[in-house]
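The sequence shown runs 730 to 1199 under the numbering used here.
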Amino acid sequence: MTKKQVKNSYLCVLLMLLLLVLMLVSGWFISPAFADTERYTGVLDDLHKDSTFSVDEWIDKSKHKVTEVMQIAISSDKELFIYVHQVGDIRDFTYVVMNIALFSTELDFKSYELEKVDWNGKFFKYKVIDFKVADSDIQKYCISRLDYPVDSKPNGSQVVTYDSVSIGQIWTVTQINDKYEYSYTYFDTIVVMDKFVGFDYSTVLPIGWAGYKSQTNTFYIAFDTDIKMSNLLEAQIEYKQSYIDGSNVSGVKNVVVQCDNEISYSRDVYKHWLVDWPAGTEFKSYKAISTPAEFSKNFGITVPKKENGKDYEWVVVFYNETKTSGYPGNIKMWTLKPLDTTILRLKFEKDGVTYNLGTIDNRVSAIIPKPEPWKSISFWQYIWNCIVKLFNGTANFVETVVAVAAIFVAVALLPILLFVFSLLSPSFGAIMKSILKSIGKALSWLLKGLWWLITAPFRLIVHLIAGGKS
730 MTKKQVKNSY LCVLLMLLLL VLMLVSGWFI SPAFADTERY TGVLDDLHKD STFSVDEWID
790 KSKHKVTEVM QIAISSDKEL FIYVHQVGDI RDFTYVVMNI ALFSTELDFK SYELEKVDWN
850 GKFFKYKVID FKVADSDIQK YCISRLDYPV DSKPNGSQVV TYDSVSIGQI WTVTQINDKY
910 EYSYTYFDTI VVMDKFVGFD YSTVLPIGWA GYKSQTNTFY IAFDTDIKMS NLLEAQIEYK
970 QSYIDGSNVS GVKNVVVQCD NEISYSRDVY KHWLVDWPAG TEFKSYKAIS TPAEFSKNFG
1030 ITVPKKENGK DYEWVVVFYN ETKTSGYPGN IKMWTLKPLD TTILRLKFEK DGVTYNLGTI
1090 DNRVSAIIPK PEPWKSISFW QYIWNCIVKL FNGTANFVET VVAVAAIFVA VALLPILLFV
1150 FSLLSPSFGA IMKSILKSIG KALSWLLKGL WWLITAPFRL IVHLIAGGKS
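So, in structure tokens, the structure goes:
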């Protein structure tokens, strides 16, 4: 080999080393498990980094009978990964939902969507979407359950959208010298049973102009639990909602709009509108948590019984709002319905001890019927419809009030309108004068006839007393 060749080889090696150093310093290299989604490392590759991991042990049903979180990991980019050994339904879910709380004195659960990164048999690797890893040396994550979508058939007025699998683990992450160490312990959960997600929209007539309508939408959950609670203190509920909006005047939007997830801490006191006509509207305040009997008495809503004919143990109201129509005759249609509704946490008392536990609960949506088109009508058309319903006996209270008021106004204004037109138009005045004369003659003959009819018995008596002489 010549000196020139040796020199060129030396330069090539030097350039390659320099390029490698630049890649390491600048971060151009593809870091295992922390790069683009398509280049994440495989689930078994990651798990095998633990020398104690054995696939044969995990697939042994005598040792691992239920779905478990095997490991969590935080990347250098502060991404959170969850490794799951899923038993039972192992369908190829691209996305699932996991309930995670940053463990502290008070649990505050939130549902996070998990994106599947890789899987092999029953071993799954997920990335937690939109999760912010805290900047602290010691972190604790409380994972209560894993929710996966199901294709269930409607059952009455609701349908199950997600089923849940219990996890019940508290993971502790300790950062030492830029490295993470992981450990976990188990914690208790409470199972929600026989759940019914209900909704109601009631119309009331507040004080003021007759014809105004107000509508109250109420969401509630009736349920039992596997632990008999002596007192329920708090319920953390997550749900979505859809609505159908419109009125008899503006028309109903034949669309369903789904709102983002909302969290409700149902320890509130709700104001509910009750009608006591003609005294007006009465406002009463009720606690969000009650028994079915108390709930039905306070809100005027009957809770369905369970399939065995018994009552549920608890009812929690997690949404209650009232809106008023804009003007008399405008019947507002503002129908809300809850979707993907679930209880994340329950705080309760049992035998004098207070517990605060994550729940094992499915997600239920109310079945939303397709709204029928409601043709927009004018205000005067609505008045006429009320009058027609009054005379055919189908008018409700508000429609009766509107019809009677319209007839009264029309009768009161008719003479004034006729008089004004008579002054403005002589020909119309002459016609009205002729009509009034005819009406006057008719009324005169009618009154004479009535007088003759009324006095006929008296004239007969006088005739008989006079001996039949006229």
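Glycine included, C-beta positions come from ideal geometry on N, C-alpha and C.
All values derive from a computational prediction rather than experimental measurement.
Which of helix, strand or coil does DSSP assign to Val816?
-> Position 87 of the sequence shown, counted from the start, is the residue given in the question as residue 816. Annotated three-state conformation of Val816 is coil, per DSSP.
Alpha carbon of Tyr812 to alpha carbon of Leu1086, nearest angstrom = Position 83 of the sequence shown, counted from the start, is the residue given in the question as residue 812. Position 357 of the sequence shown, counted from the start, is the residue given in the question as residue 1086. Rounded to the nearest angstrom, the two C-alpha atoms are 23 Å apart.
One or two residues paired with Met827 in a DSSP bridge = The count along the sequence shown starts at 1 and reaches residue 827 at position 98. BP columns for Met827 point to Tyr841 and Leu875.
Less than 7 Å separating the beta-carbons of Ala1017 and Asp997?
-> Along the sequence shown, one-based indexing puts residue 1017 at 288. Along the sequence shown, one-based indexing puts residue 997 at 268. Yes, Cβ-Cβ distance for Ala1017 and Asp997 is below 7 Å.
Got a sec? Which residues, its chain only, sit under 6 Å from Ser865 by beta carbon, not counting five neighbours each side?
-> Along the sequence shown, read from residue 1 onward, the residue named residue 865 stands at position 136. Within the same chain, Ser865 has no close Cβ partners at all.
At least three beta-carbon pairs within less than 8 Å, the stretch 1088-1097 to the stretch 881-892 | In the pairwise beta carbon analysis, the stretch 1088-1097 is classified as touching the stretch 881-892: at least three pairs are separated by under 8 Å.
Where DSSP assigns a beta bridge to Met1161, which residues make up the other side?
-> One-based indexing of the sequence shown puts residue 1161 at position 432. Bridge partners of Met1161: none, in fact.
Counting along the chain, where does the alpha helix (DSSP H) carrying Asn1027 start and finish?
-> Translated into the one-based positions of the sequence shown, residue 1027 becomes position 298. First-last of the alpha helix (DSSP H) with Asn1027: Pro1021 to Phe1028.
Would you report the Cα separation of Thr918 and Asp1069, rounded to the nearest angstrom?
-> Locating residue 918 in the sequence shown gives position 189, counting from the first residue. Locating residue 1069 in the sequence shown gives position 340, counting from the first residue. Rounded to whole angstroms, Thr918 to Asp1069 spans 20 Å at the Cα level.
Between the Cα of Gly897 and those of Ser873, Ser912 and Asp774, spot the shortest distance and give me the residue it belongs to.
-> Residue mapping note: residue 897 aligns to position 168 of the sequence shown, counting from 1. Among Ser873, Ser912 and Asp774, the Cα nearest to that of Gly897 belongs to Ser873.
Measure the C-alpha to C-alpha separation of Val1138 and Ala1124 and round it to an integer number of angstroms.
-> For the purposes of this step, residue 1138 is taken as the residue at position 409 of the sequence shown. For the purposes of this step, residue 1124 is taken as the residue at position 395 of the sequence shown. If you take the alpha carbons of Val1138 and Ala1124, they lie about 19 Å apart.
Within the stretch 764-812, note down every full beta strand (DSSP E) run reaching 3 residues or more, in order along the chain.
-> 797-803
Per DSSP, cross-strand counterpart(s) of Gln970 = Reading the sequence shown from its first residue, position 241 is the one you call residue 970. Note: Gln970 sits in a beta bridge opposite Pro1067.
Can you give the beta carbon distance from Val862 to Lys807, rounded, assuming they're within the 8 Å contact cut?
-> Here residue 862 refers to the residue found at position 133 of the sequence shown. Here residue 807 refers to the residue found at position 78 of the sequence shown. Confirmed, about 4 Å.
What is the DSSP secondary structure of Pro1102, reduced to helix, strand or coil?
-> Locating residue 1102 in the sequence shown gives position 373, counting from the first residue. Low per-residue confidence applies at Pro1102: pLDDT is 47, beneath 50, and the placement is therefore not dependable, though the value from the model is reported in the following sentence. It is coil, neither helix nor strand.
Among all the DSSP beta bridges, which residues are the ones paired with Ala1095?
-> What you label residue 1095 is simply residue 366 of the sequence shown in a count that begins at 1. DSSP lists Gln887 as partners of Ala1095.
Could you check the C-alpha separation between Lys1066 and Asn946 for me, to the nearest Å?
-> Taking the first residue of the sequence shown as position 1, residue 1066 is located at position 337. Taking the first residue of the sequence shown as position 1, residue 946 is located at position 217. Taking the straight line joining both Cα atoms gives about 9 Å.
For Ser1173, does the three-state DSSP call read helix, strand or coil?
-> Against the sequence shown, residue 1173 aligns to sequence position 444. In the structure shown, Ser1173 sits in a helix (DSSP, three-state: H, G or I).
Taking Ile992 as part of the beta strand (DSSP E), name the residues at either end of that continuous run.
-> Residue numbering aside, residue 992 sits at position 263 when the sequence shown is read from its first letter. Looking at the DSSP string, the run of the beta strand (DSSP E) that includes Ile992 is Glu991 to Tyr994.
Glu1078 versus Tyr1111 - alpha carbon distance | Walking along the sequence shown from the start, residue 1078 turns up at place 349. Walking along the sequence shown from the start, residue 1111 turns up at place 382. Glu1078 and Tyr1111: Cα-Cα distance of roughly 54 Å.
Integer Cβ distance of Val894 from Thr796, believed to fall under 8 Å = Taking the sequence shown and counting its residues from 1, the one referred to as residue 894 is at position 165. Taking the sequence shown and counting its residues from 1, the one referred to as residue 796 is at position 67. Confirmed, about 5 Å.
Top-ranked residue by Cα proximity to Tyr915, from Leu1119, Ala951, Lys854 and Met799 = Taking the first residue of the sequence shown as 1, we reach residue 915 at position 186. With distances taken between Cα atoms, Tyr915 lies closest to Met799.
Could you check which residue in Lys957, Asp923 and Lys1039 has the C-alpha nearest to that of Asn884?
-> In the sequence shown, the residue the question calls residue 884 occupies position 155. Looking at the Cα atoms, Asp923 is the closest of the given residues.
What is the DSSP secondary structure of Asn1114, counted as helix, strand or coil?
-> By 1-based counting over the sequence shown, the position of residue 1114 is 385. DSSP places Asn1114 in helix when its eight states are reduced to three.
Rounded C-beta distance between Ile1136 and Ile1116? I'm assuming under 8 Å.
-> For the purposes of this step, residue 1136 is identified with residue 407 of the sequence shown, where counting begins at 1. For the purposes of this step, residue 1116 is identified with residue 387 of the sequence shown, where counting begins at 1. Ile1136 to Ile1116, Cβ: 7 Å. Contact.
Which class does Ala1124 belong to by DSSP, given the choice of helix, strand or coil?
-> In the sequence shown, counting from the first residue as 1, residue 1124 sits at position 395. Under the three-state reduction of DSSP, Ala1124 is assigned to coil, being neither helix nor strand.
So, is Arg704 buried or exposed, given that buried needs 16 or more other C-beta atoms within 10 angstroms?
-> Lying before the first or after the last residue shown, residue 704 is absent from the chain, which here runs from 730 to 1199.
If you run the structure through DSSP and keep just helix, strand and coil, what is Thr1129?
-> As a first step, residue 1129 is located in the sequence shown; it is residue number 400 there, counting from the start. Helix at Thr1129.
Over what stretch of residues does the beta strand (DSSP E) that includes Leu836 continue unbroken?
-> By 1-based counting over the sequence shown, the position of residue 836 is 107. According to the DSSP assignment, Leu836 belongs to no beta strand (DSSP E), since it is labelled neither H nor E.
Between the Cα of Val921 and the Cα atoms of Ile950, Lys794, Lys1170 and Phe1047, which residue gives the shortest distance?
-> Residue 921 sits at position 192 when you count from the first residue of the sequence shown. Nearest C-alpha to Val921: Ile950.
Buried or exposed: where does Thr781 fall if 16 or more other Cβ atoms within 10 Å of its Cβ makes it buried?
-> In the sequence shown, the residue the question calls residue 781 occupies position 52. Exposed: under 16 other Cβ atoms inside 10 Å.
CA nearest to the CA of Phe838, picked from Lys882, Asp880, Asn990 and Thr1031 = Against the sequence shown, residue 838 aligns to sequence position 109. Of the listed residues, the one whose Cα sits closest to Phe838 is Asn990.
Select from Ile801, Tyr1041 and Leu962 the residue whose C-alpha is nearest the C-alpha of Tyr911.
-> Mapped onto the sequence shown, residue 911 falls at position 182. Selection Ile801, Tyr1041 and Leu962 evaluated against Tyr911 yields Ile801 as nearest (Cα-Cα).
Just how far apart, CA to CA, sit Ser840 and Glu1128?
-> Residue mapping note: residue 840 aligns to position 111 of the sequence shown, counting from 1. Residue mapping note: residue 1128 aligns to position 399 of the sequence shown, counting from 1. Rounded to whole angstroms, Ser840 to Glu1128 spans 47 Å at the Cα level.
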